[in-house]
Amino acid sequence: MDHYLRFVNCVQALRRRVSALDIGLGGALGVAADPLPHQIATVRRVLGDSHIRHLISDEVGLGKTVQALMIVNALRWQHSAHRTLVIAPDNLLAQWQEECWIRGHVMPAIAGSIGDGIQNELSPVTLARPRDLMTRPGQGARTISADPAVFDLLIVDEPQTMPRDAIQAISQAADEFRQVLVLSATPRLGDPVWREPILRMIEPEAASLARMESRSVADVLQDREEATIAALAGSDSPEDWTQGFLQSGAARRIIRNGRAEWGEYLPQRRNHEVRLQPLTFERMRHEIAALVLADADPGEGIQGPAWTSARALQRSARAARTVLTELATRGGSLAQLAEAARIKSLEDPGDSRLEALLDILSEQWFHDEDRAFIIVCGDNPTIDMLRTALPRYFPFLSDGISVLRRPAASDVEGVTNVREIQETLAPLLSGESRILLVGDWVQAGLNLHHVAQGIIFFSLPWEIDAIDQLIGRVDRLGPTGDRKGSKRVIDIWRILIEGSQETAIADTVAALGVFDAPLPPLSPSELAGLQTVLGSAAIGRKAALSLARLTGNGTGLPSRFNEADPFTHQQTADQFAQWYQKPCPAPAMLSELARPKDTPIRREERAIGAWLKSITASRDFDVGYRRDKVDDYGFQTIWYHGVGERGRAGDSPFALLSASRENWMSGHIPFIYRRADLSAPPRKIVFTDDGERSVEGERSGRPLRFFDHGGELHDGLVAGYTAACVNGFGMAKPVAQTSVRLPEGHPARGFGPLVLISVAQIDSFPDGLLPPIWTPKAKKILADAPTDAQRRALSADRDALQALFHALQRKIRIAAPARFARVGSWKARDGWQNLTDDEVDLCLTPITTTTKNALAKGRTPLVPLEKHEVLNAIRSRQLAALKSQVEQHKASVLNGIRRELADFALQVSAHFKAEIRNIELALERRRRSPPEAGPVELWQGQVAALERSLAMARLNRSEATQFIRGIADGSVLFGEIQPCSIFLALVADE
C-alpha cells in the first residue's frame, strides 16, 4: 500500500466534507446544476429558517424544481434517513423522476409503480399524483398515505392545477409534516379558495387557530401582524421591524423571484411578427365571427358557445367548417353568410398562415437543419391539418412530427399519463422529430426547453395565462453553459391575419408585455379584468388602447411588513458575490490551471478530477474513461483495482456501494463529475459495452451517476476514506512513516526532507452535539400516555423538536462553515520547525499544474525513518496547536453568529408561543364541554391527552430555549476533533 497516496486520498475526503459545509451550503449545491444567485439565496433562506414550511413562487423558468432538489439534497446530506414525498400533477411525474436521478442523485419510488417507476419503501424520495392520496367512492383504497411518521418533507408542486378536493386533502395532511415546500409560479393567493389551503400548509399554527375560531388563515395572519406592530410601539429601528417580519410577517415564508431581476443569467426572448392579408374565405369567417360575438358580454368571461365558435372560425378551414355548418342551420342572414363561407371553404380551402409557416421553417432549417420547434395550433382539427400538410413540403417530417393534445375535461389521464408524455417527447429528445404540435394548452411545470428553442403561434390562445404558460415551457434555465453573459435566445413567432379577432387579442397581449416577460402574480379579479379587455378587443377587432405593461414582483399576499423583508435583491447579489469569490478549502489539488471566471463549483470539479487521478495512482480503485457505444458520449467509470487475467477485484480500503466485486463488466459504475458534461437533454443511462444485454436480449444501459455531494458513489468514497483516515492514521495508531518521491517540477522539492503533518476537520456544529431525542422528562410524559395514538402524537412532537435542532445546526453551519485545519513540522539541524499552511498543502498535493500530470508517490521504508517516541512528542505538540485553532475559531464563530442566533431564538419563541396557545385554547374548550350523555371516561381521556400534549409542548420549549442559550454562551459548540498524522521523507531524485 502507498501510505502517502492513501493519506492524500483521505485528506481529500475530509476536504470534500468541509467543502460540502462551506461552498456546498450543507451539501445543497451537490446537485447537478450551476446555481444562480436567487437559487443560492432561496436555499440559504429555507435551510436557515427555524421551520421549513415555504412557498417558492418564482416566475416560470427560474428553476423551482432544482431549488427543491438542492434543499432535499442538503437535508439528506445532513440526515441520511431523511425521506421526501413529492405530490405533483400526473404529467410532471416523469420530469420529477428524471430530475431526481440526473440532478438529485436519487432514483425515486413512484406510488403505484406508474409508468417505468419503482416501488421502494426505502427510497429517499417518493413521487405521487394527487389522486393517489384520495379515497373516492367506487375507486378502492388510496395508493399511498401521506404519513408524517414515514416522510419528513412534503413537496407539493403546482397545486393550482390540482382538483380542489385534492388540494384540500393535501393541505390537511400537511398539518403534521415537519417540513413542507409548495412550488408554484401562480399560487392564486388573491383567491381565498386557493389561498387558504396554501397558507394552511406554510403557517400551520395560524391555520390551527383559524379552524378553532372559524376564521380564515389570512385573518389570523393579519391579526398576528397587528399585534406585533403594536408591540413595536412605534419603533423605527430596522432591526426591530426585520425581527417582526421573521416572527409574524404574513409573507415571511413566501419566496418570489422575478426574471427582470436576474435577466442577465436567463434566456432572452426574441419576438417575430408576421402580418398577413386575409384570403377571401378568411375575411368572410372574420365577419361571421363578429356577428357571432355581437351580443357577447366579455365582462361575463370569454367562455361559452359564442366564444368557442368565434375561436374556431380563426383556425383551420376544417375547424371552421364544423362551426359554419352548425350556423347555417339557424336561419336568417347569418345562416346565409355561413353557408356561403362553407361553400367557399370547399372551393378554396387555403390558409394564408401556412405559407408564412413554411417560410419560417425553411429559413430556420437553412441555417440549422437540426433545430426543433413547437407549433401552437389552437385545436385538434388544426393539428391534424398541419400534421398532414407539413410533410408534403418537408418530406423528412413524415415521421418527424410529435403531437401533444389537450386532454378531455373528463379524462385528464388521457394525455397526462407518464408513459404517454415520455413517448410523445422521446422522438424530439432523440432528434427523430423536429416538430411538436400542441393545441392551445401545455401543463404548467412541463419542461420543453430541451425539446425546442423556438415556439411558433400558428394560432393563438385567447386566455392570457395560457399564452404565458406556453412560452414559459421553453423559456427556462438551460444547460450549464447557458449562464450570465451567454447569448441563448428563445425565438417566438406569431403569425397574424389582419382584421381578425385573434390578431386584436395578440396585439393587446403584446401591449401588455406578455410576449416579452412572464405574467406577474395576478388575483382572480385582475385576471378576469384582463380577460375582459381581451374579449372587448376581439369584439371590436382592434387592440385596446393606452394599456400599461404588466409589472410587479410581489407575493400577492397583503402584508404591512413587506418593507421590512430582509431578503432583498441586494442581499442576494451580495451573498452570491461573496460565494463566487470563495476559494476551494485547501489543500485542493489542481492538475489543470484554474480560470479567472471559474465558479467555486467549477474549481471543486477540477480538484475532484485530480483526486480521481490520485485514487487511480494509489491503486485503491481504478477510475477510467470510456465512450458510449451508441453515440460516443464520454464518461468515467470506477471499479476496484483489478488483478489477474480475469479482472478480479484486488485489495481496496473499503467496499464501494452498489459495485459487485465479481468482475469489471458486472461491477463497474459509470459517472460524470463536471456539470459541463451534462448533455442536453441530460441522459440517465449509458452503454459501456457491446455485450450488455437485458434478460430479454435487448441492449441494456447502465445508470449514469453524477459524482458530487449527495450521490451514493461520492458520499461512499468520502465516508470510506474518512473512516480509513481515522483507522490508519488516527491518534490511536503509531505515526505512519513513508518516503515520497516528488516528480520534476513539484513545488515541494527542497522542503524538509523530513516532515510530520497532522490534519483535522473543524465543524462548528458536529452531529455529536445534537441533543438526544428523548430526555428523562420526555420519556416520563410518553410513559404516562395510555394509547398508541397518544404515544404517536407525543413522538411526533419530539421528532419536531429534533427537526428544530437540525434547523439550528444548518443555520450555524451556514453562518460559520467548517474549516480544514492542518499543521506541519520539518526537522532542521537545530530542532523541529513549523511549516506554513501553504507548505503543508504542497506536501499533501501529489499532482499540480507544474508536474505535467506526474504524481508524487510513496514507498514504505525498510526501517523506521524516525523514532516513534520523537514522532509521538511532535504529534502531541501539533494536536495542541490544532486545539488552539479550534478555540480561536470558536471565539470568531460566536461573534459572527450572535445576530443569527438572536433571530432564530425569537422565531422559536414565537412558534412555541403560538403552539402552546392553541393547545391551551383547545384544552379549555374541551374542559368546558363535558358530555351530556355517554361515557364520561372518554371525555376525561381527551382532556388528559390534551394535558399531556401541553406538557410536552412546554417541555420542548424549555429544552429548545436552554439549548440555544448554551450555544450563545459558548458552552455548546464544536466538539472533539479527530486528528490524523503522517511522517514523510521527501525525496527529489530517483
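Residue numbers (my numbering): 941 to 1930. All C-beta atoms in this analysis are idealised placements derived from N, C-alpha and C, irrespective of residue type, glycine included.
Contacts around residue i, its chain only, beta-carbon distance under 7 Å, and the 5 residues preceding and following it disregarded
i	result
E1916	none
R1489	L1452 and G1453
R1416	G1001, N1387 and H1389
A1457	R1199 and A1200
K1792	G1685
D1056	The predicted model places D1056 with a pLDDT of 44, which falls under 50 and marks its position as unreliable, so this point remains unresolved.
Q1112	none
Cβ pair residue i, residue j closer than 8 Å
i	j	result
S1698	P1919	yes
Q1677	P1786	no
L1376	S1338	no
F1313	A1392	yes
H943	I1555	no
S997	R1196	yes
Q1162	P1137	no
G1656	L1597	yes
L1846	L1186	yes
L1710	F1669	no
Residues of its chain near residue i, where Cβ-Cβ distance is below 6 Å and the 5 sequence neighbours each way are ignored
i	result
L965	V983
D1422	Residue confidence is low: D1422 scores 44 on pLDDT, short of 50, so the model does not pin down where it sits. Its coordinate-derived value is still stated next. Cβ within range, chain order: R1428.
S1463	G1130
A1700	A1761, L1822, I1917 and P1919
P1757	L961 and D962
A1599	G1607 and I1609
Beta-bridge partners of residue i, as assigned by DSSP
i	result
D1097	L1123
Q1677	F1923
L1216	I1437
A1928	Paired residue(s): none; A1928 is not in a bridge.
P1622	According to DSSP, which records beta bridges pairwise, P1622 is partnered with nothing at all.
V1763	S1698
S1342	L1376
H994	L1121
D1562	W1579
K1797	R1681
G1394	F1313 and D1431
P1610	T1577
Helix, strand or coil at residue i according to DSSP, with G and I counted as helix
i	result
I1194	strand
A1700	strand
Q1243	coil
D1724	helix
N1835	helix
Y944	helix
F1185	helix
I963	coil
I1404	helix
W1381	coil
F1306	helix
Y1103	Going by the sequence as given, residue 1103 is Pro instead of Tyr. Three-state DSSP puts P1103 in coil, outside helix and strand.
E1353	The predicted position of E1353 is uncertain, since its pLDDT is 43 and thus under 50; a value taken from the coordinates is nonetheless stated next. Three-state DSSP puts E1353 in a helix.
Q1918	coil
W1772	strand
G1708	helix
Q952	helix
Other residues of its chain near residue i: CB distance less than 8 Å, five sequence neighbours each side excluded
i	result
G1574	Y1565, R1566, R1567, D1568 and D1617
The ligand PLP heavy atom lying under 7 Å from the CB of residue i
i	result
Q1217	Because no ligand of any kind appears in the structure shown, any question about the ligand PLP cannot be addressed here.
- Message: Would the region 988 to 1002 count as touching the region 1125 to 1144 if we require 3 or more Cβ pairs under 8 Å?
- Response: yes
- Is the region 1765 to 1773 in contact with the region 1654 to 1662, if contact means three or more CB pairs nearer than 8 Å? no
- Okay, do the region 1530 to 1549 and the region 1600 to 1614 touch, 3+ Cβ pairs below 8 Å being the bar? yes
- Message: If contact is defined by three or more beta carbon pairs under 8 Å, each pair taking one atom from either stretch, is the region 1718 to 1733 in contact with the region 1819 to 1831?
- Response: no
- If you pair each beta-carbon of the region 1151 to 1171 with each one of the region 1012 to 1029, do three or more pairs fall below 8 Å? no
- Are the region 1300 to 1318 and the region 1395 to 1408 in contact at 8 Å, needing three or more beta carbon pairs? Three or more beta-carbon pairs drawn from the region 1300 to 1318 and the region 1395 to 1408 are found closer than 8 Å, and the two stretches are therefore classed as touching.
- Specify whether the region 1098 to 1106 and the region 1005 to 1017 touch according to this definition: at least 3 beta carbon pairs, one from each stretch, less than 8 Å apart. Counting Cβ pairs under 8 Å, fewer than three are found: no touch.
- Message: For the structure I just gave you, are there three or more beta carbon pairs, one from the region 1743 to 1753 and one from the region 1837 to 1844, closer than 8 Å?
- Response: By the Cβ criterion, the region 1743 to 1753 is in contact with the region 1837 to 1844, since at least three pairs of Cβ atoms, one from each stretch, lie closer than 8 Å.
- Task: Evaluate contact between the region 1810 to 1817 and the region 955 to 970, counting only Cβ atoms and requiring at least three cross-stretch pairs below 8 Å.
- Result: no
- Query: Do three or more CB pairs link the region 1262 to 1274 to the region 1292 to 1306 at distances below 8 Å?
  - Reply: no
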